[in-house]
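Encoded as structure tokens, the structure appears first; notes follow it.
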């Protein structure tokens, strides 16, 4: 739980008692490499904080062959199908593990309970989703403004350690460029 | 102020007294077509709710010629440079009016004050930014997955009234396709 605490304390201050109470609402979850965390069609009832490992969130094309990756998550990131959680609908995306993963899982009910009981926890989530909004806005800009070379350079600059952990094919999908183009750029 | 109230009440219930108090923290702002709401380099101290009109948020390329549009805003939308507001940095984007506009403006200080005083107002903003996050995620997916034709069709489906209000060149920029391609598609 210490990594969640460090992550929260980077945003706001928190006492031992407060954190202990927050932590009591989370469960630990371990998944093997290649395991699914969320599958299209699942009911989604949890949000996940990544303690260790790397995951990808993606959708398939209509033929269920090609993957379109819209998010990676590594240590200290949150991941879930946010739309399914918000709307109470079934998952429209897949999330699976690129490495063995350790996660902290919180149910929607517990999250809402904590938000109601502890304004500080709600503040933390509010700040996280606001920052996430800004990051996605930058990603949209990159996709409409930058060519393949620029997208790759920005990705490396923003996430210098990810290329060592993530296969090139997947980075190419995330950047919306072909595998061949990325191979050329990353040499 | 009635449109803000309607918009809030679509998300949560609110009494006359509560809304009156909320409304007292907003100011009305009118801008002419082509006027800037935010300019790159400005200090950004406000968020804006659109009562009437249409705006675009964009960045320039390095030569300050081409515009890359990442958001339109019409009635009932919120718009600002969210990154500048969150980080307290200067604007890195431009927002200007595509039509004469009427806005409701709230300062960051008043927004934070209202959030502290009225959990309901904070809930409203939290839900708005969460929904915005999901919309941006869908937009990212569209940009990495869909071709020009599909992007345009999805845009029309999602915002059926915008093509009548927004010049094709600007929609092309928003979709990340060339003006020529869009002209072909929208015939």
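Chains as they are written, first to last, in our numbering: chain C, 8 to 194; chain Z, 8 to 194.
Every residue gets a Cβ at the ideal spot worked out from N, C-alpha and C, and that includes glycine.
Quick caveat, the model's predicted, so the values are computed rather than measured.
In this structure, what does DSSP give as the bridge partners for residue i?
i	result
residue 24(C)	Its beta-bridge partners do not exist; DSSP assigns none.
residue 87(Z)	Per DSSP, none; premise fails for residue 87(Z).
residue 103(Z)	43(Z), 63(Z)
residue 113(Z)	54(Z)
residue 36(C)	110(C)
residue 76(Z)	65(Z)
residue 97(Z)	50(Z)
What does residue i touch in chain C if you count any residue whose Cβ is under 8 Å from its own?
i	result
residue 137(Z)	89, 93, 136
residue 133(Z)	129, 132, 133, 136
Below 8 Å on the Cβ atoms is my contact criterion, and I expect residue i with residue j to pass it. Report the Cβ-Cβ distance as a whole number of Å.
i	j	result
residue 49(C)	residue 98(C)	4 Å
residue 118(C)	residue 54(C)	6 Å
residue 63(C)	residue 107(C)	About 14 Å; that fails the 8 Å criterion.
residue 75(Z)	residue 180(Z)	6 Å
residue 111(C)	residue 35(C)	6 Å
residue 61(Z)	residue 173(Z)	7 Å
residue 80(Z)	residue 57(Z)	5 Å
residue 175(Z)	residue 21(Z)	Residue 175(Z) to residue 21(Z), Cβ: 39 Å. No contact.
residue 109(Z)	residue 37(Z)	5 Å
residue 193(Z)	residue 159(Z)	7 Å
residue 115(Z)	residue 52(Z)	6 Å
Just to make sure I have the definition right: I need the residues of chain C whose C-beta is within less than 7 Å of the C-beta of residue i. Which are they?
i	result
residue 141(Z)	89, 90, 93
Please list, in chain order, the chain C residues whose beta carbon lies closer than 9 Å to that of residue i.
i	result
residue 60(Z)	Ordered by position in chain C, no residue passes the 9 Å Cβ test against residue 60(Z), which lies about 21 Å from the chain.
residue 66(Z)	148, 152
Can you determine whether any heavy atom of the ligand GTP sits closer than 7 Å to the C-beta of residue i, and answer yes or no?
i	result
residue 114(C)	As presented, the structure is devoid of all ligands, the ligand GTP included, so that no description of it is given.
Does residue i come within less than 8 Å of chain A when only Cβ atoms are used?
i	result
residue 19(C)	Given the protein chain composition of this structure (C and Z), no chain A is represented.
Using a Cβ-Cβ cut-off of less than 7 Å, list which residues of the region 74-102 of chain C approach chain Z; keep chain order.
-> Contact annotation: in the region 74-102 of chain C, residues whose CB is within less than 7 Å of a CB in chain Z are 75, 77, 89, 90, 93.
Taking a Cβ distance cut-off of 7 Å, strictly less, list which residues of the region 20-50 of chain C are near chain Z, in chain order.
-> Sequence-ordered contacts of the region 20-50 of chain C with chain Z are nonexistent [C-beta pairs closer than 7 Å].
For the 8 Å Cβ check, are there 3 or more pairs between the region 30-38 of chain Z and the region 183-190 of chain C?
-> Contact annotation: the region 30-38 of chain Z does not touch the region 183-190 of chain C, with fewer than three C-beta pairs closer than 8 Å.
Of the residues that make up the region 142-160 of chain C, which ones have a beta carbon closer than 7 Å to any beta carbon in chain Z?
-> Answer set for the region 142-160 of chain C: 143, 144, 146, 147, 148, 150, 151, 152.
Three CB pairs or more closer than 8 Å across the region 75-95 of chain C and the region 162-181 of chain Z = Contact fails: fewer than three Cβ-Cβ distances are below 8 Å.
Determine, using beta-carbon pairs with one atom in the region 144-154 of chain C and one in the region 75-94 of chain Z, whether at least three such pairs fall under 8 Å.
-> With a cut-off of 8 Å on Cβ pairs, the region 144-154 of chain C is in contact with the region 75-94 of chain Z, counting three or more such pairs.
When the Cβ atoms of the region 122-137 of chain Z are set against those of the region 128-138 of chain C, are three or more pairs found closer than 8 Å?
-> Touching, per the Cβ criterion.
Per the contact definition of three or more C-beta pairs closer than 8 Å, is the region 122-129 of chain Z in contact with the region 59-68 of chain Z?
-> With the cut-off at 8 Å, the region 59-68 of chain Z and the region 122-129 of chain Z do not touch.
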